[in-house]
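Here the sequence shown stands for residues 1 to 501, numbered as in my numbering. From the three backbone atoms N, C-alpha and C, an ideal C-beta is built for every residue, glycine too. Note that this is a predicted model, so its numbers are computed, not measured. First comes the structure, then the notes that go with it.
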Amino acid sequence: MNSNVTRALFRDAFAQVVDNRVFRILLVILCVLVLPTFLIGARPDHLTVLFFWNFPYDEIFGFFGTAVSTVENPDRVLVQAVQKILTDGLAGSFGIMFGIAATAFFVPRMLEKGAADIVFSKPVSRFALLLTRYFAGLIFAGVLATTMIGGMHLGFLLVSGWSDPGFLWSIPILIYVFAVMHAVSVLVGVMTRSSVAAMLVTLVFFLFNGGLHQAWHVSQRMRGESRVVQSEPEESEEPQDGESRDDDEHSTFATVAIFAFDTAHFVLPKTTEADFIARSTRLRLERRGYEFWDRETNFFVAEPPEGFTREAGADIDGGGLVWSDTAEPNAARIVLARKPVLDAGTRMGASKKWHEALQTEPQVVDATREKDFRHDLRAYVVRWTRQDEGAAGRRHARWFFEDGAWLYTFDVESDLAWVAKDENVGRAERYRHRLNFGEESVGNEIRFDVGSSAGAVTGVDKRYGWDAELKYNYFFSIGSTLAFIVVVLLLARWKLARIDF
């Protein structure tokens, strides 16, 4: 097949997409959804509508019962919230399913009597024509994804001044996932020549495949927890009659079930891991300009606290990362440090020990200890005031929280006069609230790269990487998924070659 024929086939695929009425309707709908990003601008202290009307964030957040003083960078919070809603909702599972339904007829219509006689009379192989229909589906998904994601990014950039290049990673991820599902749709379309069958079978496969991999991630986490529990010594008990036999039968069943589960995970396309790969790649690109990044633990600080400047030479494993108030360096400091849990203890034990030690010091007053579980990061906080001789006194607050093998402390120390100023009220507290173990919170400044957008797999994707073991390896995930697509299309080719029109 020469280059002229190839170009003609791709032009035919593009024309098929453009002439599709469903495609044109979806394109108009997406343009309507993107339009508000060009008409509404998120400014630091207000929303601008149609370039004329301004609405302060106090009124907007107050309508939902939230004080704007508790939200740092509300403009970014709103922009990222809109991005998340549209990409996770319209462009996520719902978008993939709608795309499956809209493209399911591409192959069955080509195989209808009359149409097949005309199509296959061309001096082109059947498989080449089949691939044309497959790539037409990818063009269908690619144009729509680029219109929505790219249009939103451009709108936020021009009107709100907000640029998030990582947001554009949603485009290849959507095409990647759709490529798998569309290959299944093509195979079913060749096998049955029915648009309805192609749509229904592919939708069922999409839901089954995603659910299976989600369950596999959960099972991996549970197996890890089970190994930890089994490693703990327990008091020996005499087995009861029949107990050993029941345990053996249960063990055999569990072994077979786990083997089948793992086999399905290795063989089927790993569409749920596409989000892991995109987020990992996106964060690695973003972290180059971050305030602090520990490559070993993937702990990073995106930006300094508002109005604070980081002191040079600070070490998180030593004296901690230290930030001082930019205007009054001696008036307030924030220190973020960590120690191994084996040395420092857990958040509960370490905070209790610290609180008890403070109560024995005569210069310390108003020492309190309480839980701070109001946000995603669960911590214990100890607050106290130190009244040294000849000094006005300084207010302290120390949060204790954990990330796996590490105990982190977040200290805020300031003069009483600094705390009393209206502009400083809640400043450090808001920054502490942005500490988070997951990736879901909007606008986090400090993160621990162990979370996931899907709550069911929290803690698992930390094991993934380009150099991880096989079942968590990104190269294997991508390679096995692409191999699945190739095998499915070859099966469709085999079936198509045996159809007598």
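Inset, instruction - Starting from the Cα of Val107, find the closest Cα among Val159, Ala183 and Ile85 and give me that residue. - result: Ala183
Inset, instruction - Evaluate Gly189 with the Cβ neighbour count: other Cβ atoms within 10 Å of its Cβ, from every protein chain shown; 16 or more gives buried, anything less gives exposed. - result: buried
Inset, instruction - Compare the C-beta of Ala350 with all C-beta atoms of chain D and state if any pair is closer than 8 Å. - result: Protein chains in the displayed structure number just one, and chain D is not present.
Inset, instruction - Reducing DSSP to helix, strand and coil, say where Lys113 ends up. - result: coil
Inset, instruction - Check Trp53 in the structure and name its three-state DSSP category. - result: strand
Legend entry - Stretch-stretch touch, CB-based, cutoff 8 Å, three pairs: the region 260–272 with the region 205–223: Yes: the two stretches touch, three or more of their Cβ pairs being nearer than 8 Å.
Inset, instruction - Excluding the 5 residues preceding and the 5 following Ala327 in the sequence, name in chain order all residues of the same chain whose CB lies nearer than 8 Å to its CB. - result: Gly307
Inset, instruction - Count the other CB atoms, across all protein chains shown, that sit within 10 Å of the CB of Trp53; report buried if there are 16 or more and exposed otherwise. - result: exposed
Inset, instruction - Put Thr360 into one of helix, strand or coil per three-state DSSP. - result: coil
Inset, instruction - Return the CA-CA distance between Arg43 and Gln359, expressed in angstroms with no decimal places. - result: 46 Å
Inset, instruction - Could you tell me the distance, in whole angstroms, from the CA atom of Asp19 to the CA atom of Ile139? - result: Between Asp19 and Ile139, the C-alpha separation is close to 13 Å.
Legend entry - Residues of its chain near Val229, where Cβ-Cβ distance is below 6 Å and the 5 sequence neighbours each way are ignored: Reliability of the predicted coordinates at Val229 is poor, the pLDDT of 44 falling under 50, and the value obtained from them is presented with this limitation in mind. Excluding positions up to five away in sequence, the list is empty.
Inset, instruction - Taking Gly99 as part of the alpha helix (DSSP H), name the residues at either end of that continuous run. - result: Phe94 to Thr103
Legend entry - For Thr132, the nearest candidate out of Phe10, Asp294 and Tyr290 (CA to CA): For Thr132, the closest of Phe10, Asp294 and Tyr290 by C-alpha to C-alpha distance is Phe10.
Legend entry - Rounded separation between Leu157 and Arg310 - CA only: 29 Å
Legend entry - Stretch-stretch touch, CB-based, cutoff 8 Å, three pairs: the region 336–352 with the region 396–415: yes
Inset, instruction - Provide the residue span of the beta strand (DSSP E) that contains Pro340, from first to last. - result: Ala332 to Pro340
Inset, instruction - Select from His396, Arg463 and Leu130 the residue whose C-alpha is nearest the C-alpha of Leu489. - result: Comparing alpha carbon positions, the residue from His396, Arg463 and Leu130 closest to Leu489 is Leu130.
Legend entry - Own chain residues within Cβ distance below 6 Å of Gln16, not counting five before or after: For Gln16, where only same-chain residues beyond five positions count, the Cβ hits under 6 Å are Ala136.
Legend entry - Three-state secondary structure assigned by DSSP to Arg216: Note on identity: in this sequence residue 216 is Trp, with Arg being the wrong assignment. Three-state result, Trp216: helix.
Inset, instruction - Can you say whether Ala483 is buried or exposed, counting buried as having 16 or more other CB atoms within 10 angstroms of its CB? - result: exposed
Legend entry - Enclosing alpha helix (DSSP H) for Tyr380 [first to last residue]: Counting along the chain, Tyr380 falls outside any alpha helix (DSSP H), though it belongs to the beta strand (DSSP E) covering Ala379 to Arg386.
Legend entry - Spatial distance of Ala468 from Phe476 (CA atoms): Straight-line Cα distance between these residues: approximately 10 Å.
Inset, instruction - Could you please give me the residues that DSSP links to Glu402 through a beta bridge? - result: Leu407
Legend entry - Thr481 - containing alpha helix (DSSP H), residue span: Run containing Thr481: Tyr474 to Ala497, per the alpha helix (DSSP H) assignment.
Legend entry - Reduced DSSP category for Lys371 - H, G, I as helix; E, B as strand; rest coil: strand
Inset, instruction - Would you give the residue range spanned by the beta strand (DSSP E) that Trp169 belongs to? - result: Neither: Trp169 is in no beta strand (DSSP E) and is coded neither H nor E.
Inset, instruction - Pull up the CB-CB distance for Ile100 and Met199, whole angstroms please, since I reckon it's below 8 Å. - result: 6 Å
Legend entry - Three-state class that DSSP yields for Ile175 in the structure shown: helix
Inset, instruction - Indicate the three-state DSSP secondary structure (helix, strand or coil) for Ile40 in the structure shown. - result: strand
Inset, instruction - May I ask which residues mark the beginning and end of the beta strand (DSSP E) holding Thr346? - result: Taken as a continuous stretch (DSSP letters only), Thr346 belongs to no beta strand (DSSP E), as it is neither H nor E.
Inset, instruction - Output the distance between the C-alpha atoms of Gly465 and Tyr472, rounded to the nearest integer angstrom. - result: 7 Å
Inset, instruction - Measure the alpha-carbon distance for Gly150 versus Leu168 and round it to whole angstroms. - result: 7 Å
Inset, instruction - Return the Cβ separation of Arg386 and Trp354 in integer angstroms, given the expectation that the two are a contact with Cβ distance under 8 Å. - result: Actually they do not touch by this definition, with Cβ atoms about 13 Å apart.
Legend entry - CA nearest to the CA of Lys495, picked from Leu321, Glu303 and Arg193: Arg193
Legend entry - Contact check, Arg378 vs Lys352, beta carbons under 8 Å: no
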